[in-house]
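Read the structure below first, then the notes.
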Amino acid sequence: MSTLWQDVRYGARMLFKAPGFTLVAVLSLALGISVNTTIFSMVNALILRPLPYEDAQRLVVVQQTQLKQGIRGGVVSLGDFVDWRNENSAFERLAAYYERSFNLAGENEPERVKGASISADLFRTLGVSPVHGRDLVAAEDRPNAERVALISHSLWQRRFNSDANLAGKTLKVNGEDHTIVGVMPPNFKYPSNAELWTPLALDMAEADRGNHYLSCIARLKPGVTLEAAQAQLATIAQRLEAEHPATNKGWGVRVISLREELIDEEARTVLVALLGAVLFVLLIACANVANLLLARSVSREKEMAIRAALGAGRARVIRQLLTESVLISLAGGALGVLLAMWGIDLLVTAIPEQMPFWVRFDIDARVLLFTLSVSLLTGIIFGLVPALQASKPDLQVSLKEGSRSATEGVRRNRLRSLLVVSEIALTLVLLIGAALMMKSFMRLQEVAPGFDPKNVLTLQLWVQGTQYEQDEQRVTSFYSRAVERIRTLPGVKSVGAVSMLPLDSDSSSSTSFVAENHPVPQGEEESAGHTVITPDCLSAIGIPLLRGRDFAETDDENAPPVVIVNDWLARRYFPNDDAVGKRIRLGGPESRWRTIIGVVGDIKRQTLRDKEEAQLYFAHKQDSWRSMTIVVRTNLADPGSLSGAVRGEIWAIDKDQPINNVRTMERVLAVSETVWVARVFGMLFAVLAGVALMLAVGGLYGVIAYSVSQRTHEIGIRMALGAKQGDVLWMVLGQGMILVAAGLALGLVGAFIVTRILASSLYGVTATDPVSFAGIALLLAGVALLASYIPARRATRVD
Numbered sequence: 010m011s012t013l014w015q016d017v018r019y020g021a022r023m024l025f026k027a028p029g030f031t032l033v034a035v036l037s038l039a040l041g042i043s044v045n046t047t048i049f050s051m052v053n054a055l056i057l058r059p060l061p062y063e064d065a066q067r068l069v070v071v072q073q074t075q076l077k078q079g080i081r082g083g084v085v086s087l088g089d090f091v092d093w094r095n096e097n098s099a100f101e102r103l104a105a106y107y108e109r110s111f112n113l114a115g116e117n118e119p120e121r122v123k124g125a126s127i128s129a130d131l132f133r134t135l136g137v138s139p140v141h142g143r144d145l146v147a148a149e150d151r152p153n154a155e156r157v158a159l160i161s162h163s164l165w166q167r168r169f170n171s172d173a174n175l176a177g178k179t180l181k182v183n184g185e186d187h188t189i190v191g192v193m194p195p196n197f198k199y200p201s202n203a204e205l206w207t208p209l210a211l212d213m214a215e216a217d218r219g220n221h222y223l224s225c226i227a228r229l230k231p232g233v234t235l236e237a238a239q240a241q242l243a244t245i246a247q248r249l250e251a252e253h254p255a256t257n258k259g260w261g262v263r264v265i266s267l268r269e270e271l272i273d274e275e276a277r278t279v280l281v282a283l284l285g286a287v288l289f290v291l292l293i294a295c296a297n298v299a300n301l302l303l304a305r306s307v308s309r310e311k312e313m314a315i316r317a318a319l320g321a322g323r324a325r326v327i328r329q330l331l332t333e334s335v336l337i338s339l340a341g342g343a344l345g346v347l348l349a350m351w352g353i354d355l356l357v358t359a360i361p362e363q364m365p366f367w368v369r370f371d372i373d374a375r376v377l378l379f380t381l382s383v384s385l386l387t388g389i390i391f392g393l394v395p396a397l398q399a400s401k402p403d404l405q406v407s408l409k410e411g412s413r414s415a416t417e418g419v420r421r422n423r424l425r426s427l428l429v430v431s432e433i434a435l436t437l438v439l440l441i442g443a444a445l446m447m448k449s450f451m452r453l454q455e456v457a458p459g460f461d462p463k464n465v466l467t468l469q470l471w472v473q474g475t476q477y478e479q480d481e482q483r484v485t486s487f488y489s490r491a492v493e494r495i496r497t498l499p500g501v502k503s504v505g506a507v508s509m510l511p512l513d514s515d516s517s518s519s520t521s522f523v524a525e526n527h528p529v530p531q532g533e534e535e536s537a538g539h540t541v542i543t544p545d546c547l548s549a550i551g552i553p554l555l556r557g558r559d560f561a562e563t564d565d566e567n568a569p570p571v572v573i574v575n576d577w578l579a580r581r582y583f584p585n586d587d588a589v590g591k592r593i594r595l596g597g598p599e600s601r602w603r604t605i606i607g608v609v610g611d612i613k614r615q616t617l618r619d620k621e622e623a624q625l626y627f628a629h630k631q632d633s634w635r636s637m638t639i640v641v642r643t644n645l646a647d648p649g650s651l652s653g654a655v656r657g658e659i660w661a662i663d664k665d666q667p668i669n670n671v672r673t674m675e676r677v678l679a680v681s682e683t684v685w686v687a688r689v690f691g692m693l694f695a696v697l698a699g700v701a702l703m704l705a706v707g708g709l710y711g712v713i714a715y716s717v718s719q720r721t722h723e724i725g726i727r728m729a730l731g732a733k734q735g736d737v738l739w740m741v742l743g744q745g746m747i748l749v750a751a752g753l754a755l756g757l758v759g760a761f762i763v764t765r766i767l768a769s770s771l772y773g774v775t776a777t778d779p780v781s782f783a784g785i786a787l788l789l790a791g792v793a794l795l796a797s798y799i800p801a802r803r804a805t806r807v808d
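Residue numbers (our numbering): 10 to 808.
Encoded structure:
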């Protein structure tokens, strides 16, 4: 131990004696380690950190599939859920819920909170218990039972001031009093950041198999595998399909782990690609420091020769040099953690969507252990080869008075050149990957959403209260009055209300339909987007009306049922005729026929990656929805400036209705999942590629500059014998560009292989895009040429 401490003290003194070398080496490693720590914190938060549930590995998600409709993991019908729960022997418990939002009223300002209606055993399935009060009981999960609720810890603090005597108190939820029976643990907000839970309270005897809206989660029995549960439920699904062909034909079942449901395959692929990218950056940083150590070992040849002459063994010298390299790497790791904290803050800021409650991008013990391991490992990796080289000096040459340190040998030059070639190759792979991701992001931004998002303000409402529960016409009347009042505000061009805002990741609704004269077998109907709108809403959103007319106030429950379809549906089902005047019906044969009164342009409904699909629009007075988004198109430069006036008009009708998600339509588009995910991943790859480029160019410059300094005597003789400045310039440039050419060749091959991993995450660009490959290779060659030119120019000025 005393010898080790001696090595550490001596190594620290030697590093302090060379502050320039130490600073460059530490900064290089800090950059490499910081990006590794930042990305590993993402992987840790999303994949490695255990889910906050008891025996989380036994938690699975049960979904329904309908491959003909492209549904590979969808929500479940109540009837099928009941049969699965009663007939399976693979699960300890099988629970269901559906996500929703609630209006809260009372002494405080009206508030809209996320929540869920749940079966009584959901929390017991998860293995989570309230910290105050109690859980739901089976008797409360029945129709007409007493209205009760559980609330989140944050809602308890926010609206009840952490009142410990909460039991028995009521909260007005959706206009009705609910008795609060429990408070969930701090930070628990399953699912999707829910803050309030009410019983599902569904009538199991009247289970509808055609309405799919429930999410199911289950806990496997000890010893039961996921595959065994899948096989058992698949057998039950086949029986249900045979017994209920009208509703279950083509419907299968899928059982996956809860972790897999939370992090899909595409996200895992990108995370793996990011881990590979940061590993490349770290390798480049290691190569840089290894080159610095090789260069420094030349100036220490005499020191190493004296040590050897005095009896120091080779192992002793290697240990001393490795101690110095580990000190450098530990200093780089410490600085890297500080830089990673800043990087994680930037990453969190760049993600507009609220992550699930269990996701925390931070530096915990696992991340610190990872950083320490990386630091120690890199210290050994980049220090080992230089230590081996320096530990066997030529004593006869090194100890001669005035011997030149330029005699570092062919092998050392080759090793340093190999390191530079590797840096160039790895940098090219990263740059091409970043170019593909950024090009994909730009292509997404160029995608026309099908509507005009400029100068549009949106506000979400959910009309609740006993007066609305008893009379659906009050709901339609509320929205009609709200629209009319807002229309009179200065600066408003058009206004309407829509059930599902385009590209809003929080909303989606589909329905099956049959077009007139296009019969299909029962259970094989095509699916279409289901959107409810008020008159003039199409104009407010900016969706063009191509043919026919918009909805009118007279299209109410007493008028013949009508519908508006998108152009894709019209072209597919009525290719040789005008769709206006034709008819469609929804679902089963008992549904009424609806007359098509208009055809509108196609829009991107959920994501900008969406392919063309059928879209149906229904009149609000014929298909009343309580949850609607007010859409206001203005002639003002800042539509957000109207939000206060719009709130006032809504609250003038009913002051108890909370207003949620006040956003401009451009903001909705910017934070839509496909856009922000592409932007964040593109930004990450761009940052990594930029760091790699800086390190690689610095490494190339260092090698060429060092070579010039070592060849000063040779260059002087050449010029004295008649060599021109241009000859010397091209000689030095040639040395650098040979290394660059070799690195580019290897990098192009590597990029061709590695970028295929990103193929599923790209949009509008292939993983082998020739423009990106050629353009980035030329860019890197140009930057590398500049890095070689500066020391080459210096060589021409040798006296």
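Glycine included, each C-beta is placed from N, C-alpha and C at the ideal position. Predicted model, so just to flag it, every value in this text is computed and none were measured.
Cutoff 8 angstroms; reference residue i; Cβ partners in own chain excluding five residues on either side
| i | result |
| --- | --- |
| Pro1 | As shown, the chain starts at 10 and ends at 808. That puts residue 1 outside it, with no answer to give. |
| Ala154 | Ala148, Pro208, Ala210 |
| Gly418 | Because Gly418 sits at a pLDDT of 49, beneath the cut-off of 50, its placement in the model cannot be relied upon, and the point is left open. |
| Gly411 | Caution applies to Gly411, whose pLDDT of 45 falls short of 50 and renders its modelled position unreliable; the value that the coordinates give is listed next. Excluding positions up to five away in sequence, the list is empty. |
| Val35 | Ile337, Ala340, Gly341, Leu344 |
| Ile245 | Asp92, Trp93, Glu96, Asn97, Val262 |
| Ile360 | Trp685, Val689 |
| Ser126 | Tyr106, Tyr107, Arg109, Trp206, Thr207, Pro208, Leu209, Ala210 |
Beta carbon of residue i nearer than 8 angstroms to that of residue j
| i | j | result |
| --- | --- | --- |
| Leu470 | Gln241 | no |
| Ile6 | Ser50 | Residue 6 cannot be examined here, being either before or after the span of the chain that is shown, 10 to 808. |
| Leu330 | Gly285 | no |
| Ala349 | Thr47 | yes |
| Ala39 | Gly341 | yes |
| Tyr772 | Leu453 | yes |
| Val157 | Thr134 | no |
| Val264 | Val71 | yes |
| Ala588 | Val608 | yes |
| Val335 | Ile389 | yes |
| Ala65 | Leu283 | no |
| Val641 | Val501 | yes |
| Gly103 | Cys225 | According to the sequence provided, residue 103 is Leu. The question's Gly does not apply to it. For Leu103 and Cys225, yes; Cβs fall inside 8 angstroms. |
Proximal residues to residue i (C-beta, below 6 angstroms), its chain only, five neighbours per side dropped
| i | result |
| --- | --- |
| Glu101 | Arg228, Lys230 |
| Asp461 | Gly551 |
| Trp165 | Val192 |
| Arg806 | none |
Whole-number beta carbon distance between residue j and residue i, since they are thought to touch under 8 angstroms
| i | j | result |
| --- | --- | --- |
| Phe370 | Tyr199 | In fact, because the Cβ distance is near 19 angstroms, the residues do not count as touching under 8 angstroms. |
| Leu437 | Gly752 | 7 angstroms |
| Leu435 | Leu292 | 6 angstroms |
| Tyr488 | Met674 | The pair is not a contact, with the Cβ atoms about 19 angstroms apart (cut-off 8 angstroms). |
Option nearest residue i by Cα separation, candidates the options
| i | options | result |
| --- | --- | --- |
| Thr475 | Gln73, Gly184, Ala646 | Gly184 |
| Thr278 | Val52, Val137, Leu205 | Val52 |
| Lys181 | Asn170, Ala114, Val137 | Ala114 |
| Gln75 | Leu498, Arg67, Ser86 | Ser86 |
| Ser43 | Leu697, Val608, Asn644, Phe487 | Leu697 |
| Val655 | Thr467, Gly136, Val122 | Thr467 |
| Glu236 | Ile56, Gly784, Val262 | Val262 |
| Pro59 | Gly41, Val287, Asp373, Arg22 | Asp373 |
Neighbourhood of residue i by C-beta distance below 7 angstroms, restricted to the same chain and skipping five residues each side
| i | result |
| --- | --- |
| Leu794 | Met746 |
| Arg483 | Gln476, Tyr477 |
| Val376 | Thr46, Phe49, Ser50, Asn53 |
| Phe761 | Thr777 |
| Phe583 | Lys591 |
| Tyr62 | Leu68, Leu135, Gly136, Val137 |
| Leu249 | Asp89, Asp92, Asn257 |
Q: Count the CB pairs spanning the stretch 169-177 and the stretch 131-143 that are closer than 8 angstroms, and state whether there are at least three.
A: yes
Q) Does the count of Cβ pairs from the stretch 543-558 and the stretch 500-512 closer than 8 angstroms reach three? A) yes
Q. Below 8 angstroms, can you find three or more Cβ-Cβ pairs linking the stretch 436-451 to the stretch 650-657?
A. no
Q. Taking contact to mean at least 3 C-beta pairs separated by less than 8 angstroms, is the stretch 781-794 in contact with the stretch 696-711?
A. yes
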